[in-house]
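Scroll down for the structure; my scribbles are underneath it.
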DNA sequence: GCCAACATACCAACCAGTTGGTATGTTGGC
DNA sequence: GCCAACATACCAACTGGTTGGTATGTTGGC
């Protein structure tokens, strides 16, 4: 669990995120990975026993890298849980910048490709998504408690639905080459949640 | 545009759909494809000049195979456009059966992998999605015309959002190994559209 | 007898993974 | 405080199998 030697292993994991998000897992070769990371293949197989082990480590690393970005965000201090959820979606929209490989989800890309061939990578990638979704559950639970809509879905289901929309948005964005279509679906998600938990009024400033 | 020799070419395209939906495009090899189709590699390269050409043909074939399934469905005859949209989602949910490779979307799988490496496959796969989405636009347009909600999104945007949710649902289903999580997101989509275009009452039977 | 539709045989490049090695610590007995 | 024994981190070169693609048949209908 301890990785006392950050540089080479981290360089390989960073290269893996970039390569897999751009070209996918299958099309990512260890040679390209090492070239991008600036190390040799011997170094790779010193740190990872196989390509599959790298896939698992990349999914875990993806969680480790992205989680603090959301955990440290200021929106958690908003008093209204519905406002916290909207602020989360605002943050997700703000992250839709740059090239597609820079904002798309590594875990979703992995799931798409390895679901039938590697149960271990599948489990690690799915865990990355559900672990992130679970950070939204308290806010949804609070919104339900404060403003229970009729036939209310569970907090867990709502949190996962947000991830579903985001994953789908990334795919459509890959079709157009830009994030506009993803923003569009995020607006639909916002509208859904606003209809489900109507905000009493627009807070000013 | 004319394919006067159905059997071998069709066998290869059917094999391509199955292989790509299971293992993805990159992990699909021409040798495996030919073995599954029961033909030799010479036959493959007689019909497709490259693997990329097969990818493009597979996306087009995917449209050709799936379009009639929706076009021939009975839900188009329902009088209420909102009921037609709900019936479309019911049909999509009914299709969530069997193995994941049997209900997931070829176009989404292709987009995920080739968006950065093959503009031609990307365009063909995206066209398959948008062409299908366009078949929903008349119903959304009618729903908007009959029941314009405040700050109404466009029919085209709503039709694409349905595809976004479906694509995301397929990815999450690949994480769990079954369709339950996809059905959950379809229910959220139904709830969104119901809130947006509230049905006056439950029609009986 | 010609051509589309296949089949067979083959290739150069590439792939994940291995091997044998070096350089640089680290540790524990004395 | 020194050194043998060991561990870690990394590298260059290689291997056996696979890959997309090609070159060269063969065959059957018109």
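Protein chains in written order, with the numbering used here: chain A, 59 to 263; chain B, 59 to 263. C-beta: ideal position from N, C-alpha, C; glycine also. Quantities reported herein were computed from a predicted structural model and do not represent experimental measurements.
Check: Alpha helix (DSSP H) runs contained entirely in the stretch 172-200 of chain A, provided each spans 4 or more residues; Outcome: 177-192
Check: Three-state class that DSSP yields for residue 146/B in the structure shown; Outcome: helix
Check: Exposure of residue 206/B, with buried meaning 16 or more beta-carbon neighbours within 10 Å; Outcome: exposed
Check: Rounded straight-line distance, which links the Cα of residue 147/B to that of residue 68/A; Outcome: 44 Å
Check: Residue range of the alpha helix (DSSP H) that includes residue 160/A; Outcome: 158-161
Check: Proximal residues to residue 96/A (C-beta, below 8 Å), its chain only, five neighbours per side dropped; Outcome: 69
Check: Length of the line joining the Cα atoms of residue 235/A and residue 224/B; Outcome: 19 Å
Check: Stretch-stretch touch, CB-based, cutoff 8 Å, three pairs: the stretch 174-185 of chain A with the stretch 76-95 of chain B; Outcome: yes
Check: Chain B within 8 Å of residue 234/A, Cβ atoms only; Outcome: yes
Check: Validate contact between the stretch 174-194 of chain A and the stretch 110-130 of chain A using beta carbons, cut 8 Å, 3 pairs; Outcome: yes
Check: Chain A contact for residue 124/B (CB, 8 Å cutoff); Outcome: no
Check: Interfacial residues, the stretch 218-244 of chain A to chain B, with Cβ spacing under 9 Å; Outcome: 218, 219, 221, 222, 223, 224, 225, 226, 227, 228, 229, 230, 231, 232, 233, 234, 235, 239, 240, 242 and 243
Check: Residue interval of the alpha helix (DSSP H) (run including residue 117/A); Outcome: 109-129
Check: Buried versus exposed call for residue 233/B [16 or more other C-beta atoms within 10 Å across all chains shown]; Outcome: buried
Check: Span of the alpha helix (DSSP H) around residue 245/B; Outcome: 238-254
Check: Secondary structure of residue 85/A, DSSP reduced to three states; Outcome: coil
Check: Three-state secondary structure assigned by DSSP to residue 138/B; Outcome: coil
Check: Closest by C-alpha distance to residue 160/B, when choosing among 72/B, 208/B, 91/B and 133/B; Outcome: 72/B
Check: Extent of the continuous alpha helix (DSSP H) to which residue 210/B belongs; Outcome: Neither: residue 210/B is in no alpha helix (DSSP H) and is coded neither H nor E.
Check: Residue-chain proximity (residue 158/B, chain A), Cβ-Cβ < 8 Å; Outcome: yes
Check: Proximity to residue 220/B [Cα-Cα], best of 93/B, 154/B and 244/B; Outcome: 244/B
Check: 7 Å Cβ cut-off: residues of chain A touching residue 174/B; Outcome: 80, 81 and 159
Check: Residue 141/A versus residue 103/B: straight-line alpha-carbon distance, rounded; Outcome: 57 Å
Check: Within-8 Å CB hit, residue 113/A to chain B; Outcome: no
Check: Close Cβ partners of residue 75/A (< 8 Å) along its chain, the five nearest in sequence each way excluded; Outcome: 116, 119, 120, 123 and 164
Check: Residue 226/A classed as buried or exposed, judged by whether at least 16 other C-beta atoms fall within 10 angstroms; Outcome: buried
Check: Per-residue contacts from residue 166/B into chain A (C-beta, under 7 Å); Outcome: 229
Check: Residue 151/B beta carbon less than 8 Å from that of residue 241/B; Outcome: yes
Check: Close Cβ partners of residue 145/B (< 7 Å) along its chain, the five nearest in sequence each way excluded; Outcome: 133 and 136
Check: Residue 202/A to residue 202/B span [Cα, whole Å]; Outcome: 29 Å
Check: Alpha helix (DSSP H) segment containing residue 100/A, residue limits; Outcome: 99-105
Check: Listed by chain order, chain B residues near residue 118/A by CB distance under 8 Å; Outcome: Residues of chain B passing the Cβ test: none, with the nearest at roughly 15 Å.
Check: Short CB-CB distance (under 8 Å) between residue 183/A and chain B; Outcome: yes
Check: Given residue 130/B as reference, the closest of 149/B, 254/B and 168/B once Cα atoms are compared; Outcome: 149/B
Check: Sequence-distant residues of the same chain with beta carbon closer than 6 Å to residue 238/B, five excluded per side; Outcome: none
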